[in-house]
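Residue numbers for the sequence shown follow numbering that gives the first Met the number 0, so the first one is 0 and each next one is one higher. C-beta: ideal position from N, C-alpha, C; glycine also. All values derive from a computational prediction rather than experimental measurement. Input: a single structure, listed below in structure tokens.
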Amino acid sequence: MTHPTPPPGWYPDPSGSGQRYFDGRQWTDLPPPPPAQPSVVINNNVGASAPAVVVTNGPNHGLHLALTLLTCGMWLPIWLIVAIVGHRRVQVGGGSGGSHTAMVVGAVVGVLFLLGLAASHFAAFVGLAVLGGLGFLGYWAYQRGVDRRAEQARIAARADAEHQAWMRGNPAGTYGLYPPVPPPDNPQQ
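See the structure below:
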């Protein structure tokens, strides 16, 4: 008694673990298809609310910025003293917050330096702006080159793997990781 040949498809590997593709006549060396990605379930029904933030005191940097701009920088020394001396204390339930005083002071000093440079030495300011722009363009071109070489390396590795499969006589050399779906068997009677 003869058994009918099973249809082409993915079956448990008879010689080991995993799956292999049976093309209707023989077992092939096609790699198994990638596993299905698990669905991500986001549960936003959290019973506890976020901890309350309590700001006890601290300087108002927005007000100091407005005063510094309105007085053409004359308020800056006062703002610097207030920013250094007046620490913002933030108490968070379960943790403590930090202060960005150094970053604010550095940004203000940098902006005022650039404004002063632009006002007194416009040619030097334009030269620095051009150097900064050229530096950014150079960095951007370098990053694009790195990304392009990485993409070319991925393409070359895939092409090499398919070439090796082709040399072994494996259909993966022609179709890659995803062979075409075999046509359905519709006997027309």
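Cα-Cα separation between HIS162 and GLN151, rounded to whole angstroms: 16 Å
Supposed contact pair VAL107 and TRP78 - C-beta distance, whole angstroms, cut 8 Å: 7 Å
Pairwise C-alpha distance: ALA117 and ALA65: Approximately 20 Å, taken between the alpha carbons.
Local conformation of PRO30 per DSSP, three classes: coil
For GLY93, the three-state DSSP class (helix, strand or coil): With a pLDDT of only 48 at GLY93, under the threshold of 50, the placement of this residue in the model should not be trusted, and no figure is reported.
Alpha carbon of MET73 to alpha carbon of HIS63, nearest angstrom: 11 Å
Backbone secondary structure at GLN163 - three-state DSSP: helix
One or two residues paired with GLN18 in a DSSP bridge: PRO11
Supposed contact pair ARG167 and ASP12 - C-beta distance, whole angstroms, cut 8 Å: That pair is no contact at about 17 Å.
Reduced DSSP secondary structure (H/G/I, E/B, other) of MET102: helix
Pick from PHE21, ALA171 and GLY15 that is closest to PRO6, judged by C-alpha positions: PHE21
Distance, VAL104 Cα to SER95 Cα: Note on SER95: pLDDT 48, under 50, position unreliable in the model; no value is reported.
Whole-number beta carbon distance between ALA171 and PRO30, since they are thought to touch under 8 Å: 7 Å
Coarse secondary structure for GLN173, derived from DSSP in three states: It is Thr, not Gln, that sits at residue 173 in the sequence shown. If DSSP states are grouped into helix, strand and coil, THR173 belongs with the helices.
Among LEU68, LEU69, THR70 and ALA101, nearest to VAL84 - alpha-carbon criterion: ALA101
Under the three-state DSSP convention, the category HIS60 falls into: helix
Contacts around THR67, its chain only, beta-carbon distance under 6 Å, and the 5 residues preceding and following it disregarded: TRP74, LEU75 and TRP78
C-alpha gap between ALA140 and ARG148, whole angstroms: Rounded to the nearest angstrom, the two C-alpha atoms are 12 Å apart.
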